[in-house]
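Novice: Under the numbering used here, residues 4 to 346 are what the sequence shown spells out, in order.
C-beta: ideal position from N, C-alpha, C; glycine also.
Predicted model only: the values in this text are computed from it and were never measured.
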Amino acid sequence: MENNISIISAAGILPPGNIIIHPEDNIRNEFSAPGEVQLSRSRTLWRLEHKKDLIELMKVSLLAAVKQVQMDISDIDYLILSQVWSDNILGDEAGRLARELKLSCPVVSINVGTSGGATGLEIATAMFANSEFHNIAVIAGCNYSHWFSMSDPARTLLSDGAACLVLSRKQGMTVTGCHTLSTAHYDVLKFNEGPERYVYYKPKGGEYIFNNMKETIYQCCNKVCQSNGMSLNEVSAFYVYDPSDWVASAAAEALGVGKDKIISIFHKYGSLGPAQSFFGFMEMQDNKNLTDSDWVIVMGLGPSTTATAVLFRWQNIPCNVYYYDHKTQLSNPMLPSGVTQNI
């Protein structure tokens, strides 16, 4: 599916507060691998003080992404927002973001859980069938750490953050194909209505994910390759949604490729939900083995919703991850300490 639609910019935003969990402090949870004794390395979690502050990270991710390519938000013709769990039935994140940024373009929310970023990319690519659209942005955010009970061990996996990718008819990293499949059979989450409102995993929910994720990974990635006349072995690098440390090894086994082809970011960010696949996409910039026109796959997976694999032709584009201090500055962790960039 050569369509001349490309990613031209990507920006991730993290809150300044972080927690480091060392292997000896790790607590077993629903996502722990069977027989797991101790993790091999520490992980860093990123946390907002209040879950409502996520909308600010989403706004800043869009502003950063367009600024990196000398664009303005008025250049965006359509915006897809990966909806996160909200406090009210209106779920008015899209409307609020549009009002606060004075956007005139349509802002459309989708809600497919942790697959939100990748599935949003597929929808955005299809939107270019409308010849009036030249630049489309997809924002994915996560504040899931605030939706689990404070006593739930699964919370020790979760971070808060947001990321934005800009798609365009301009030259960049070509989106060659997408494949989405259903994961409704996972059915692993429940919502406790009160008096304390929180999300939790059903008994053996993690076990079901562990036992079925390999097949989902294989089917999703293999089918996007097949539909574009190629094999998995032709792909130079993969990022597969990794909400736990064992997923990278499981992905390599499922795909029949070497572990060196699998990008893992769990140790750097924990689990960023819908935004995780975007942060994985940006992590590929650090893969020194990639050259222009290499094939890469980014896959998002939302248990009980969808899984989406996106096939790209590699090209270096502006990609940056920033810390945001809730004032007017971004601090870029890819640069030396103290370097700031204003928006």
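Return the first residue and the last residue of the alpha helix (DSSP H) that Thr47 is part of.
Specialist: Careful: Thr47 lies outside any alpha helix (DSSP H), inside the beta strand (DSSP E) at 46 to 49.
Novice: Would you kindly work out how many angstroms separate the C-alpha atoms of Glu135 and Gln71, rounded to a whole number?
Specialist: Approximately 23 Å, taken between the alpha carbons.
Novice: Which residue's Cα is closest to the Cα of Pro109: Ala121, Asn290, Met130?
Specialist: The candidate whose alpha carbon is nearest that of Pro109 is Met130.
Novice: Output yes or no for whether 7 Å exceeds the beta carbon distance between Ala255 and Val243.
Specialist: Not in contact: Ala255 and Val243 (Cβ atoms no closer than 7 Å).
Novice: Tell me whether Gln73 is buried or exposed, calling it buried when 16 or more other Cβ atoms sit within 10 Å of its Cβ.
Specialist: Exposed is the call here.
Novice: Note the first and the last residue of the continuous alpha helix (DSSP H) segment covering Met74.
Specialist: Per DSSP, Met74 belongs to no alpha helix (DSSP H) and is neither H nor E.
Novice: Cβ-heavy atom distance between Met130 and the ligand FMN below 6 Å?
Specialist: The model on display carries no ligand, and the ligand FMN is accordingly not part of it.
Novice: Taking all protein chains shown into account, decide if Gly208 is buried (16 or more other Cβ within 10 angstroms of its Cβ) or exposed.
Specialist: Counting Cβ neighbours within 10 Å, Gly208 comes out buried, since at least 16 surround it.
Novice: Quick one: using the 10 Å Cβ neighbour count with 16 as the cut-off for buried, is Phe269 buried or exposed?
Specialist: Flag for Phe269 reads buried.
Novice: Inspect the beta-carbon positions of Ala165 and Ala278 and report whether they are closer than 7 Å.
Specialist: Yes, the Cβ-Cβ distance between Ala165 and Ala278 is below 7 Å.
Novice: In terms of residues, what are the limits of the beta strand (DSSP E) holding Ala140?
Specialist: That run of the beta strand (DSSP E) goes 138 to 145.
Novice: Report the option in Tyr327, Leu314, Ile320, Asn323 whose CA atom is closest to the CA atom of Leu124.
Specialist: It is Leu314.
Novice: Ala140 and Leu82: beta carbons closer than 7 Å?
Specialist: Contact: yes.
Novice: Name the one or two DSSP bridge partners that Gly15 has.
Specialist: DSSP, once it has assigned bridges, lists Ala166, Val324 as partnering Gly15.
Novice: Quick check on the DSSP output: the alpha helix (DSSP H) that includes Ser280 runs from which residue to which?
Specialist: Start and end: 279 to 286.
Novice: Using 8 Å as the cut-off, can you tell me whether the segment 10 to 22 makes contact with the segment 183 to 198, which would need three or more C-beta pairs spanning the two stretches below that distance?
Specialist: At 8 Å Cβ cutoff, the stretches do not touch.
Novice: Alpha helix (DSSP H) containing Ile79: first to last residue?
Specialist: Neither: Ile79 is in no alpha helix (DSSP H) and is coded neither H nor E.
Novice: With distances taken from CA atoms, which of Arg316, Thr311, Gln318, Gly305 is nearest Val87?
Specialist: For Val87, the nearest C-alpha among the options comes from Gly305.
Novice: Would Ile142 and Leu66 qualify as a contact pair, given that the criterion is a beta-carbon distance under 7 Å?
Specialist: No; because the gap between Cβ atoms is not below 7 Å, this pair is not in contact.
Novice: Could you have a look at Arg172 and say whether DSSP puts it in helix, strand or coil?
Specialist: Note: Arg172 maps to coil in three-state DSSP.
Novice: In terms of residue numbering, what span does the beta strand (DSSP E) encompassing Phe213 cover?
Specialist: Taken as a continuous stretch (DSSP letters only), Phe213 belongs to no beta strand (DSSP E), being part of the alpha helix (DSSP H) at 208 to 229.
Novice: Since Ile126 is in the alpha helix (DSSP H), which residue starts that stretch and which ends it?
Specialist: Taken as a continuous stretch (DSSP letters only), the alpha helix (DSSP H) holding Ile126 covers 119 to 130.
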